[in-house]
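Residue numbers (my numbering), protein chains in the order written: chain G, -7 to 351; chain W, -7 to 351; chain L, -7 to 351; chain X, -7 to 351.
Even for Gly, the Cβ is constructed at its ideal location relative to N, Cα and C.
These notes concern the structure reproduced below.
4 protein chains.
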Amino acid sequence: MADTSGGPVLRVAVAGASGYAGGEVLRLLLGHPAYRAGRLEIGALTAGSNAGSTLGSLQPHLLPLADRVLAETTPEVLAGHDVVFLGLPHGQSAAIARLLPESTVIIDCGADFRLTDAAAWEKYYKSEHAGSWPYGLPELPGGRDRLRGATRIAVPGCYPTVSSLALAPAVAAGIVEPTVTVVAVSGTSGAGRKLDVGLLGSEVMGSARAYNIAGAHRHTPEIAQNLKLAAADGGAEVDIAVSFTPVLAPMPRGILATCTAALRPGVDAAQARAVYEKAYADEPFIHLLPEGVLPQTGSVLGSNAVTLQVAVDADAGQLVVIGAIDNLTKGTAGAAVQSMNLALGIDETAGLTTVGVAP
Amino acid sequence: MADTSGGPVLRVAVAGASGYAGGEVLRLLLGHPAYRAGRLEIGALTAGSNAGSTLGSLQPHLLPLADRVLAETTPEVLAGHDVVFLGLPHGQSAAIARLLPESTVIIDCGADFRLTDAAAWEKYYKSEHAGSWPYGLPELPGGRDRLRGATRIAVPGCYPTVSSLALAPAVAAGIVEPTVTVVAVSGTSGAGRKLDVGLLGSEVMGSARAYNIAGAHRHTPEIAQNLKLAAADGGAEVDIAVSFTPVLAPMPRGILATCTAALRPGVDAAQARAVYEKAYADEPFIHLLPEGVLPQTGSVLGSNAVTLQVAVDADAGQLVVIGAIDNLTKGTAGAAVQSMNLALGIDETAGLTTVGVAP
Amino acid sequence: MADTSGGPVLRVAVAGASGYAGGEVLRLLLGHPAYRAGRLEIGALTAGSNAGSTLGSLQPHLLPLADRVLAETTPEVLAGHDVVFLGLPHGQSAAIARLLPESTVIIDCGADFRLTDAAAWEKYYKSEHAGSWPYGLPELPGGRDRLRGATRIAVPGCYPTVSSLALAPAVAAGIVEPTVTVVAVSGTSGAGRKLDVGLLGSEVMGSARAYNIAGAHRHTPEIAQNLKLAAADGGAEVDIAVSFTPVLAPMPRGILATCTAALRPGVDAAQARAVYEKAYADEPFIHLLPEGVLPQTGSVLGSNAVTLQVAVDADAGQLVVIGAIDNLTKGTAGAAVQSMNLALGIDETAGLTTVGVAP
Amino acid sequence: MADTSGGPVLRVAVAGASGYAGGEVLRLLLGHPAYRAGRLEIGALTAGSNAGSTLGSLQPHLLPLADRVLAETTPEVLAGHDVVFLGLPHGQSAAIARLLPESTVIIDCGADFRLTDAAAWEKYYKSEHAGSWPYGLPELPGGRDRLRGATRIAVPGCYPTVSSLALAPAVAAGIVEPTVTVVAVSGTSGAGRKLDVGLLGSEVMGSARAYNIAGAHRHTPEIAQNLKLAAADGGAEVDIAVSFTPVLAPMPRGILATCTAALRPGVDAAQARAVYEKAYADEPFIHLLPEGVLPQTGSVLGSNAVTLQVAVDADAGQLVVIGAIDNLTKGTAGAAVQSMNLALGIDETAGLTTVGVAP
């Protein structure tokens, strides 16, 4: 199935095609070389309350698919595809997945299968734990091995993606204390296409606000899980305490994460930078920017890149790492496509770019 | 030279690579199939006062070219390329072009060679007319014929692109009176990367303002020129009076043009729509939206699409046409690449998409 | 009742206090000199589905009233006030007004009583005409006389406010033909605090779109009504044809209207300007800007000012008038307070400013 | 001089009237009750390179002063005023102040006299320390006493204002460890009206970026100075280590600060909240929001309010305090007017409001 140059044509379905995650998956698929070469076909597009509408009325930026009509999200409709992307509300993926063949590559953009710890799941999501699937962040230690050939994939949360990538090298290298602070500014699409007064343009524009502070955000245990894995990769069995504050900013896309942690004694700026240079030297999507150059979300708009800068605040004794991603691309749909590529044995970067749309 | 699948590799230079037009040309070239296939090479990148800087420090969204250093914009540096894109301040293109071989395909994103009428040029640009080059709007009557094989191309202005495409079918079909009103809302990148207090984020955000009203904007005669050509295509030798008002809106990209003209007696909505359906039935980048669906600039962000809607205001006796483009893509760099494709005999749509980045 | 310096304290209620219009009325009342002097009391605050909530949870910018709890909107709750502002969905005002004493000053920010022509009402609002009340635009011919001592007032629509003030002098002076084109760019608060996918921040930011084009917007007959009145003031009994296109722009507040009309032969720029200078010489809130200076909505944010510029496009034979207002202030709540002042015999400008909040 | 109801009229000058700080001082003065009562006169308005221009061409939102012409900023022009506000580039205030009478109340919106520690000044500003003046943050311990009757006042930086007020109670009460992390999201006006490519609307909109990270921002020592003073007020002579990261967000105004610090053992959420309730119970401008309600900058636009929320992250062992201000009002010009009021013995809140302009 993995051969996109001559084998059978891949059939791909997108459940939740009227949402932001589903729309971004489709945007990326339409630019995927397999699609352009006729080796990947966009099959069923499904939705919940929007079933019956044309995609053009809901996602007017996807002109080539404008006339497609959305079907109901049911296992029957999704059957018969090689790859199924799920962009569903939390809690709906397990039921769908159970009824699809094991050989179908299911890539869940929702949270249901991200956490390995049932207690953490229940504490944060107030529901029964459905289990965990291979985690779609190839750049974490062991990430690619988990994804190659996988048929069930949990796409990471947007905040955990950038926060974990920003902190994992320092944690793995043991150069920081095991308490980290993440303050991450996000565009509004991270909240989904949800009818909520607080997400109206009139309320959002010209204003910044924090929400779900002091450990209340569901992405907190996911960051901790990733950093614990990073620590283990560095040989330390420790829990990482994560103080996480999400901030909503007046922009449609993008996350800028400011990550700080107390430096272990004796670590200087050059050593800290070297840790990151080594960790990400061969990563196609992670760019440690030249010294002094700072990430900005506008530069990664629509791209799968993660831009990072690392600095040492000697006076305060802190490591400061800044990371930027597009929450819908690398933070969701880009990771989903990257994971699909790995699962199918296609070139990992196919259909993804490190070129942003700016200004 | 036109064969990108097997012939010699095309060498392309971009003068003015630190500006918005130049940056967008580079963004599109990096995604061009000829570039991906190794048949197109990005050669010299030049700038004015930014010469000597890395592209990464000026265009941080173009990560694959981040380490490239900008050269001075001189004919020597630009020589030896098959295609040269010029994104220079008005008035500088002629001197450069004169010193490059005739066989070099020069694609000027500036205004210097857009107007055919020397008097109009002198009135609006207060300088000597340099002449006119084939005009890079393939969708105008005769547009493709002028561009195939051309080695000198004048890329249209962003406002004239959408305004002319919105009005040309009605003018050509003779269903409107020869006075048109265009009010076009533009994002700020249309003004270029210019240090001007009025373009600071603090001044722009949360505010809309008109500028260069009452015929003062230089794009006015360009719209009139295009519409006169459309009228001639319909068999009428008439001047079209253009009342043009540009409005700056708080967004980085996009133009939404509202075009109105008095309907000729007896023309109804169905007839008006039919005129547009016929005119653009085969155009790959122009999409007449379903009845009642209105264009929005956010849906064409980063895409080369033009979305249109046409309606009749029977009470006021007016035809109303709304058009949306991305001013940097179809409005500048996309038209430039589309023109390059035509000039070189490549598939006209190569490297261009009708899929926008949204939300 | 009109004496705010020594008579009985005015009791003021606001129905619809959780909406944008109601919130802006309260913002202005909190800064009104009568309130500061203890001569005006903010009484009942009511809402529909938000009844029972604190104002602080809904209008967090109104800190001095944060603990006030919203009551249900009923005639009983609103009784016993001297002034009642209504910020209700269309169609609800008549029923409320009928049950309040005739002496109560009722100021309706909704549309119900704006149109004098029942046929126009029924065509645009698809419901029975409730009648018409004195129209709260003091700057129109005869406006102040209609409002002094009035106990029922219909606050104008936001688009009609700026469009009518921009065009009325020219229409009254007979210097333009009786067909006008208005393209008005509006911030999102004009649509109200409505749960609508198209008003989400993610959809709105970075995008401009037209809506209700070609005469479909309900403010069209209101502009025509005002301009007919202006024409009559100039001695002409004519209908004015209005081609009106509203455009939604990514900003919370503000309307920038571009108004064009064919100039009558022989009228030059100086004459046109003189018409406006004369018309608005004594208006406290209308500012004809110096020649060449253009209105911007950011400069009137939170202010009751209308800024205008007038120009002649000699080539196209058009008069172009640009006007800017804050749609929530002069466009709604400011007009409401200005009308209240006139109705009560207070200084018309009390509690209103021409100083904007910028940048 | 303090009696505004009957004594001599106060003459007030503003140096730097073309900048954002100067413009905001003027906006507030135009609404000040002493101005409205004719007891405060706006005298000289001065500028640097903008001298000779009208205020209307530079600050079009200040319509009542539109015709005023800016003078050069010289001691001669500023002499003869009772109060002089300085909104000058860093380093220019001392020379001006030296030449004005000691009795003139000089209120410096710049940084020159904020830091008491010459070494800190020299490290961060790379110039000789000019000394320190009473610090214009009345809400800090001892703040009002320092300002009553003062004739030289240093207005705090915008970031230090909100950060210090957010953290001072916890530091004074000794409930946190002496290392604090502040990540503060700011609107662009905080950078001033500066011609800088990175501040262009095209670059700013749709993008967030950190800058001057890892202790490089000049406001870092100012926050530390304030928190040391708070600690001393609580009886502890300790230095507070401040990890400060400023983030630029796409909005014109507002700062949202996320402040975290490790909680001392045994402190719970109720105790933390009680500390803040007590500290700010009588403060007219500081509002501790109801539990669970989070500050947003849009709610304090144009107001002098500081909204705070405090929470305990028990898992991470951190106190999290979120604060919002308008950087130009409470963060600059509001503090300046509040300080003027205190210096002159006027009601501290005169001319200032806690009502924001929203949405």
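Within the same chain, Ile167 come within 7 Å of W/Val259 by CB-CB distance, once the 5 residues on both sides are set aside.
Within chain W, no C-beta atom comes nearer than 7 Å to that of L/Thr180; the closest sits roughly 11 Å away. Less than 8 Å divides the Cβ of W/Gly15 from the Cβ of W/Gln51. Around the Cβ of W/Gln330, a 10 Å sphere holds 16 or more other Cβ atoms; the residue is buried. Here DSSP, grouped into helix, strand and coil, assigns L/Ala112 to helix. Ranked by Cα distance from W/Pro242, the options W/Val163, W/Ala112, W/Glu269 and W/Val177 are led by W/Val177. Its Cα nearest to that of X/Gly149, the residue X/Pro213 stands out among X/Thr143, X/Val196, X/Pro213 and X/Pro170.
Here the region 64 to 76 of chain X does not lie against the region 302 to 310 of chain X, with fewer than 3 beta-carbon pairs under 8 Å apart. Scanning its chain for C-beta atoms nearer than 7 Å, with the 5 sequence neighbours on each side dropped, one finds around W/Val347 the residues Ser295, in chain order.
Residue state for W/Asp137 is assigned as helix, using DSSP reduced to three classes. With its beta carbon at least 8 Å from every one in chain X, L/Arg138 lies outside the interface. With a minimum length of 4 residues, the unbroken runs of alpha helix (DSSP H) contained wholly in the region 142 to 221 of chain G fall at 150 to 165 and 193 to 196.
Per DSSP, G/Ile88 is one residue of the alpha helix (DSSP H) stretching across Ser85 to Arg90. In this structure, W/Pro126 lies away from W/Leu107, with their beta-carbon atoms at least 8 Å apart.
Only those residues of the region 185 to 206 of chain W whose C-beta falls short of 7 Å from the nearest C-beta of chain L are listed: Ser194, Glu195, Gly198, Ser199, Ala200, Arg201, Ala202, Tyr203, Ile205 and Ala206. If you look at W/Gly14, you'll find it isn't in any beta strand (DSSP E); it sits in the alpha helix (DSSP H) that goes Tyr12 to Leu22. Fewer than three beta-carbon pairs drawn from the region 314 to 326 of chain X and the region 256 to 271 of chain X are found closer than 8 Å, and the two stretches are therefore not classed as touching. Any Cβ of chain W closer than 8 Å to the Cβ of L/Val163 would place that residue at the interface, and such an atom is absent.
Shortest Cα-Cα distance from G/Pro282 to any of G/Ser291, G/Thr299 and G/Pro276 involves G/Thr299.
For L/Gln301, the enclosing beta strand (DSSP E) begins and ends at Val298 to Asp305. With fewer than 16 neighbouring CB atoms inside 10 Å of its own CB, G/Lys118 falls in the exposed class.
The Cβ atoms of X/Gly343 and X/Gly141 lie no closer than 8 Å to each other. Non-local beta-carbon contacts of L/Gly226 in its own chain, meaning distances under 8 Å to residues more than five positions away in sequence, involve Val163, Ala164, Ala165 and Gly166 in chain order.
The criterion of a C-beta distance shorter than 8 Å is not satisfied by X/Val175 and G/Val292. Here W/Lys270 is exposed. Its C-beta has fewer than 16 other C-beta atoms within 10 Å. Taking 8 Å as the upper bound for CB-CB distance, L/Ser181 and L/Pro244 are in contact here, some 5 Å apart. When the alpha-carbon of G/Leu219 is set against those of G/Ile88, G/Pro161, G/Met197 and G/His73, the nearest one is in G/Pro161. In the three-state reduction of the DSSP assignment, L/Thr250 falls in the strand class. Below the 9 Å Cβ cutoff, chain W contributes Ser194 as neighbours of X/Tyr12, in chain order. Listed in chain order, the beta strand (DSSP E) runs fully inside the region 30 to 84 of chain X are 32 to 39 and 75 to 78, counting runs of at least 3 residues. Around X/Thr173, the same chain offers Ser235 and Thr252 as residues with beta carbons nearer than 6 Å, after the five sequence neighbours per side are excluded.
Within chain L, no C-beta atom comes less than 7 Å from the C-beta of G/Met332; the nearest is roughly 25 Å away. Within a 10 Å sphere around the beta-carbon of X/Ser41 sit fewer than 16 other beta-carbons, which makes this residue exposed. X/Val4 is outside the set of residues whose beta carbon lies under 8 Å from a beta carbon in chain L.
With fewer than 16 other Cβ atoms from the protein chains shown falling within 10 Å of its own Cβ, G/Arg28 counts as exposed.
Counting C-beta atoms within 10 angstroms of its own C-beta, W/Arg144 has 16 or more neighbours from the protein chains shown and is therefore classed as buried.
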